[in-house]
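J.: Using numbering that gives the first Met the number 0, the letters of the sequence shown correspond one by one to residues 0 to 148. Glycine included, C-beta positions come from ideal geometry on N, C-alpha and C.
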Amino acid sequence: MPSMTSTTTSFAFTWAAFYGFALAALILSGNWTMEFLALFCHKDAYTLGNFGQVWAHWHAVGCAFVGLTNLSCVRDARGGFGPDGKVAVAQNTAFIFGVWGVQNVYYCVTRDDLFTPLMWLNAIACLGTAVYSLQAAHGITSKSTGKKA
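#1: Assuming residue 11 and residue 89 are in contact, meaning their beta carbons sit under 8 Å apart, how far apart are those beta carbons, in whole angstroms?
#2: Please go through the same chain and pick out, in chain order, the residues whose beta-carbon is closer than 7 Å to the beta-carbon of residue 63, but skip the five residues on each side of it.
#3: Between the alpha carbons of residue 110 and residue 118, how many angstroms are there, rounded?
#4: How should residue 136 be labelled, buried or exposed, when 16 other C-beta atoms within 10 angstroms of its C-beta is the threshold for buried?
#5: Here's a check: name, in chain order, each residue in its chain whose Cβ is nearer than 6 Å to the Cβ of residue 29, leaving out the five neighbours to either side.
#6: So, for residue 39: in the same chain, excluding its five sequence neighbours on each side, which residues have a beta-carbon less than 7 Å away from its beta-carbon?
#7: Tell me the DSSP bridge mates of residue 114?
#8: Who are the near neighbours of residue 55 in its chain, counting only those whose CB is closer than 7 Å to its CB and skipping five residues on each side?
#9: With distances taken Cα to Cα, identify the nearest neighbour of residue 112 among 14, 9, 42, 13.
#10: Distance, Cα to Cα, residue 5 vs residue 33?
This is the structure we're talking about:
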C-alpha cells in the first residue's frame with residue numbers, strides 16, 4: 000500500500016466520522032419518516048417486528064460511536080491518542096465497516112426483494128471506508144516506525 004500523508008490520514012478519519020454520523024442519521028430518520036430509508040430498502044418490505052426499532056436505535060448508536068471515535072482522532076491536536084491509539088481506531092473502524100460492507104453485499108445479492116439498487120452504494124461505501132481505514136492504519140504505523148510503506 001502506498002504511504003499516506005498526515006493530511007490523507009486525517010481525511011480517512013474525517014470520512015469515517017462523516018459516514019458513521021450519516022448512517023446514524025439515516026437509521027434514526029425512520030422515527031419521523033420512511034422516505035429516506037425507502038431509498039435503500041423496499042418500503043413495503045421494511046418491517047422490523049416487535050423489537051426492531053430498539054435494534055435499529057442500538058445500531059444507530061453504534062454508527063454514531065464510530066463517527067465520534069473517528070472525529071476524536073481528527074480533533075486530536077495535542078496528540079493524546081498517539082500513533083498506537085490512532086492505529087487502533089483505524090483498525091477497529093476497518094473491522095466494523097468491513098463487516099457492515101460484507102453484510103450489505105450479502106443481502107444485496109441474496110435479498111434483492113428487500114433492498115433497492117442504491118443499497119449497493121452503501122455496501123461499496125462501507126467496504127471502501129474499511130480499506131481506507133486499513134490504509135490509514137498502515138500509513139500511521141509506517142510513519143511512527145520510520146519504515147517506508
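T.: Working from what's here:
#1: In this structure residue 11 is in contact with residue 89, their Cβ atoms being roughly 7 Å apart against a cut-off of 8 Å.
#2: Excluding sequence neighbours, residue 63 sits near 19, 20, 23.
#3: So the alpha carbons of these two residues sit roughly 11 Å apart.
#4: By the Cβ neighbour-count rule, residue 136 is buried, with 16 or more other Cβ atoms within 10 Å of its own.
#5: Excluding five sequence positions before and after residue 29, the CB atoms of its chain that fall closer than 6 Å to its own CB belong to 36, given in chain order.
#6: For residue 39, same chain residues with a beta-carbon under 7 Å away, outside a window of 5 residues either side, are 114, 115, 117, 118, 121 in chain order.
#7: Residue pairing from DSSP places residue 114 in a beta bridge opposite 40.
#8: Cβ within range, chain order: 26, 29, 47.
#9: Nearest of 14, 9, 42, 13 to residue 112, Cα basis: 42.
#10: Cα to Cα, residue 5 sits roughly 39 Å from residue 33.
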